[in-house]
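Student: I am attaching a structure below and will ask some questions about it afterwards.
In the working numbering, the protein residues as written are 1252 to 1594.
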């Protein structure tokens, strides 16, 4: 029986204002909040309360759930976050924290991460160049940025010392603006003492205002292939499997939507939104198709064993897009964890 991985966007608020964020921007949502099913917003007022979240977490032990990626928004600015983490770990489930890294400058938070035996912390950083990173990932307060992310990673790695966990890694969004910076960002990850590095292609809807400027296309394939070749020829830290660059290239060059035989989405991977909505995966195309078919679910008042079932054969999917590629490293995340690390 295969375990389930959950990508759980736990909270909507964030202390950054990333211009390409899949939550959209606060500025545009002040004008008009998105209304379509599955749409996210940092201004949402529908995030589940702690009691509802805790009730769902209590059902995890009796389910197939093996690993939860806690994301946002920024999960580490929510005061009860480590209480939730502790309860998930107590249920025998692995926890990977997905963060912008700035909250890691709080010593009490780092201490709590170590005390609860968090399995891994994935930090978002788009470039070794502070100017580039902060231009696309600006802080809401206008003060924090690249230097604080780096300092946060250093604080966590230092506090971990010789311990095996948490593993620490860098996730870097690759756009047509920073293809050549992939190897430099990976080198920075190694310099900081990180254990893994994941370059993930940006996924923007065609109608997004930055789609033309940032989205990778077939015209970028040669430069992208060369960057991945340099990275994998001399990997400074652990990388996704050797087949990963090919998956990225397929997403960039294929006519979309494409076809994926035996997709794990909806069988071994699920996506949970801050309001508790459950989807087979974060793909915009898949969410739209699920909504049209009346298949929307929620963790509110539900158990994990009921929602995620006994498992079974993965179904073919005809909605392959760049959204999908970023899920493969999640499904193969065990390779980044040391052997024998208990849930």
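Virtual Cβ for every residue (Gly too), placed ideally from N, Cα, C.
Taking just the CA atoms, how far does residue 1477 sit from residue 1468?
Tutor: The residue you call residue 1468 lines up with position 217 of the chain shown. The residue you call residue 1477 lines up with position 226 of the chain shown. Cα-Cα distance, rounded: 15 angstroms.
Student: Note down, in chain order, each residue of its chain lying with its Cβ closer than 8 angstroms to the Cβ of residue 1265, except the 5 sequence neighbours on either side.
Tutor: Residue numbering aside, residue 1265 sits at position 14 when the chain shown is read from its first letter. Correct list, in chain order: 1272, 1274, 1293, 1323, 1324, 1325, 1328, 1351 and 1391.
Student: Could you tell me the alpha carbon to alpha carbon distance between residue 1464 and residue 1453, rounded to whole angstroms?
Tutor: Along the chain shown, read from residue 1 onward, the residue named residue 1464 stands at position 213. Along the chain shown, read from residue 1 onward, the residue named residue 1453 stands at position 202. Approximately 11 angstroms between the Cα atoms of the pair.
Student: Answer with buried or exposed for residue 1569, where buried requires no fewer than 16 other C-beta atoms within 10 angstroms of its C-beta.
Tutor: One-based indexing of the chain shown puts residue 1569 at position 318. With fewer than 16 Cβ atoms within 10 Å of its Cβ, residue 1569 is classed as exposed.
Student: Can you find at least 3 beta carbon pairs, one from the stretch 1337-1354 and one from the stretch 1367-1375, that sit closer than 8 angstroms?
Tutor: Yes, they touch.
Student: Quick one, which of 1447, 1383 and 1427 has its alpha-carbon nearest residue 1404's?
Tutor: Taking the first residue of the chain shown as position 1, residue 1404 is located at position 153. Nearest option by C-alpha distance: 1447.
Student: Taking buried to mean at least 16 other C-beta atoms within 10 Å of its own C-beta, is residue 1263 buried or exposed?
Tutor: To locate residue 1263, count along the chain shown from 1; it is residue 12. Flag for residue 1263 reads buried.
Student: In angstroms with no decimal places, state the Cα-to-Cα distance between residue 1270 and residue 1484.
Tutor: Taking the first residue of the chain shown as position 1, residue 1270 is located at position 19. Taking the first residue of the chain shown as position 1, residue 1484 is located at position 233. Near 32 angstroms, if we compare the C-alpha coordinates of residue 1484 and residue 1270.
Student: Helix, strand or coil: how does DSSP classify residue 1514 here?
Tutor: Numbered from 1 along the chain shown, position 263 holds the residue referred to as residue 1514. Here residue 1514 sits in strand by DSSP.
Student: Can you tell me where the beta strand (DSSP E) with residue 1373 in it begins and where it stops?
Tutor: Indexing the chain shown from 1 puts residue 1373 at position 122. Residues 1371-1375.
Student: Contact between the stretch 1396-1411 and the stretch 1352-1360: three or more CB pairs below 8 angstroms?
Tutor: Cβ pair count under 8 angstroms is three or more, so yes.
Student: Are there 16 or more other CB atoms within 10 angstroms of the CB of residue 1510, so buried, or fewer, so exposed?
Tutor: Looking up residue 1510 in the chain shown gives position 259. By the 10 Å Cβ count, residue 1510 comes out exposed.
Student: For a quick check, are the C-beta atoms of residue 1479 and residue 1496 less than 8 angstroms apart?
Tutor: If you number the chain shown from 1, residue 1479 lands on position 228. If you number the chain shown from 1, residue 1496 lands on position 245. Contact flag set, yes.
Student: Going by other Cβ atoms of all chains shown within 10 Å of its Cβ, with 16 needed for buried, is residue 1524 buried or exposed?
Tutor: Indexing the chain shown from 1 puts residue 1524 at position 273. Its Cβ being crowded by 16 or more others within 10 Å, residue 1524 is buried.
Student: Along the chain, where does the alpha helix (DSSP H) that runs through residue 1421 open and close?
Tutor: On the chain shown, position 170 is the one that residue 1421 refers to. Run containing residue 1421: none in the alpha helix (DSSP H); it sits in the beta strand (DSSP E), 1418-1425.
Student: With residue 1451 and residue 1433 assumed to form a contact (beta carbons below 8 angstroms), what rounded beta-carbon distance in angstroms separates them?
Tutor: The residue you call residue 1451 lines up with position 200 of the chain shown. The residue you call residue 1433 lines up with position 182 of the chain shown. About 11 angstroms separates the two Cβ atoms, so there is no contact after all.
Student: Could you check what DSSP says for residue 1390 in three-state terms: helix, strand or coil?
Tutor: Working through the chain shown from its first residue, we reach residue 1390 at position 139. Note: residue 1390 maps to strand in three-state DSSP.
Student: If we call anything under 8 angstroms between Cβ atoms a contact, is residue 1344 one with residue 1317?
Tutor: Numbered from its first residue, the chain shown carries residue 1344 at position 93. Numbered from its first residue, the chain shown carries residue 1317 at position 66. The answer is yes: Cβ separation under 8 angstroms.
Student: Do the stretch 1550-1557 and the stretch 1500-1520 make contact, defined as three or more Cβ pairs closer than 8 angstroms?
Tutor: Not touching, per the Cβ criterion.
Student: Enumerated in chain order, which unbroken segments of the beta strand (DSSP E) with a length of 3 residues or greater are wholly contained in the stretch 1278-1325?
Tutor: For the stretch 1278-1325, whole beta strand (DSSP E) runs of length 3 or above, ordered along the chain, are 1316-1322.
Student: Taking the alpha carbon of residue 1501 as the reference point, which residue from 1576, 1379, 1279 and 1520 has its own alpha carbon closest?
Tutor: Stepping through the chain shown from its first residue, residue 1501 is reached at position 250. For the residues 1576, 1379, 1279 and 1520, the minimum Cα distance to residue 1501 belongs to 1576.
Student: Between 1445, 1520 and 1461, which lies nearest to residue 1588 when the distance is taken from Cα to Cα?
Tutor: Locating residue 1588 in the chain shown gives position 337, where the first residue counts as 1. If we check each option's Cα against that of residue 1588, 1445 comes out closest.
Student: Please state the DSSP three-state secondary structure of residue 1550.
Tutor: For the purposes of this step, residue 1550 is taken as the residue at position 299 of the chain shown. Here residue 1550 sits in coil by DSSP.
Student: From 1279, 1581, 1562 and 1531, pick the residue whose C-alpha is nearest to that of residue 1253; which is it?
Tutor: Locating residue 1253 in the chain shown gives position 2, where the first residue counts as 1. Of 1279, 1581, 1562 and 1531, the residue nearest in Cα terms is 1562.
Student: In whole angstroms, give me the CA-to-CA distance for residue 1287 and residue 1573.
Tutor: Sequence index remark: in the chain shown, residue 1287 carries index 36 (1-based). Sequence index remark: in the chain shown, residue 1573 carries index 322 (1-based). Distance between the alpha carbons of residue 1287 and residue 1573 is about 21 angstroms.
Student: Quick one: give me the first and last residue of the alpha helix (DSSP H) that residue 1358 is part of.
Tutor: Taking the chain shown and counting its residues from 1, one reaches residue 1358 at position 107. Here the alpha helix (DSSP H) through residue 1358 covers 1358-1366.
Student: If you drop the 5 nearest sequence neighbours on each side, which residues of the same chain put their C-beta closer than 8 angstroms to that of residue 1597?
Tutor: Outside the modelled stretch of the chain, which goes from 1252 to 1594, sits residue 1597, for which no answer is possible.
Student: Is it right to say residue 1411 is buried, meaning 16 or more other beta carbons lie within 10 angstroms of its own, or is it exposed?
Tutor: Here residue 1411 refers to the residue found at position 160 when the chain shown is read from its first residue. Classification of residue 1411: buried, given that the 10 Å Cβ count is 16 or more.
Student: Once DSSP output is grouped into helix, strand and coil, what is the label at residue 1380?
Tutor: By 1-based counting over the chain shown, the position of residue 1380 is 129. Note: residue 1380 maps to coil in three-state DSSP.
Student: Using a threshold of 8 angstroms, state whether the C-beta atoms of residue 1536 and residue 1503 are closer than that.
Tutor: Stepping through the chain shown from its first residue, residue 1536 is reached at position 285. Stepping through the chain shown from its first residue, residue 1503 is reached at position 252. No.
Student: Helix, strand or coil: how does DSSP classify residue 1564 here?
Tutor: Residue 1564 sits at position 313 when you count from the first residue of the chain shown. Of the three classes helix, strand and coil, the one that applies to residue 1564 here is coil, per DSSP.
Student: If we count the other Cβ atoms within 10 Å of its Cβ and call it buried at 16 or more, is residue 1456 buried or exposed?
Tutor: For this step, residue 1456 is matched to residue 205 along the chain shown. So residue 1456 counts as exposed.
Student: May I have the straight-line CA-CA distance separating residue 1299 from residue 1261, to the nearest angstrom?
Tutor: Along the chain shown, read from residue 1 onward, the residue named residue 1299 stands at position 48. Along the chain shown, read from residue 1 onward, the residue named residue 1261 stands at position 10. Between residue 1299 and residue 1261, the C-alpha separation is close to 8 angstroms.
Student: Pull up the distance between the alpha-carbon of residue 1594 and that of residue 1567, whole angstroms please.
Tutor: Your numbering for residue 1594 matches position 343 in the chain shown. Your numbering for residue 1567 matches position 316 in the chain shown. Residue confidence is low: residue 1594 scores 47 on pLDDT, short of 50, so the model does not pin down where it sits. Its coordinate-derived value is still stated next. Residue 1594 and residue 1567: Cα-Cα distance of roughly 30 angstroms.
Student: Does residue 1329 get closer than 8 angstroms to chain C when you measure Cβ to Cβ?
Tutor: Note that chain C does not occur in the displayed structure, where there is just one protein chain.
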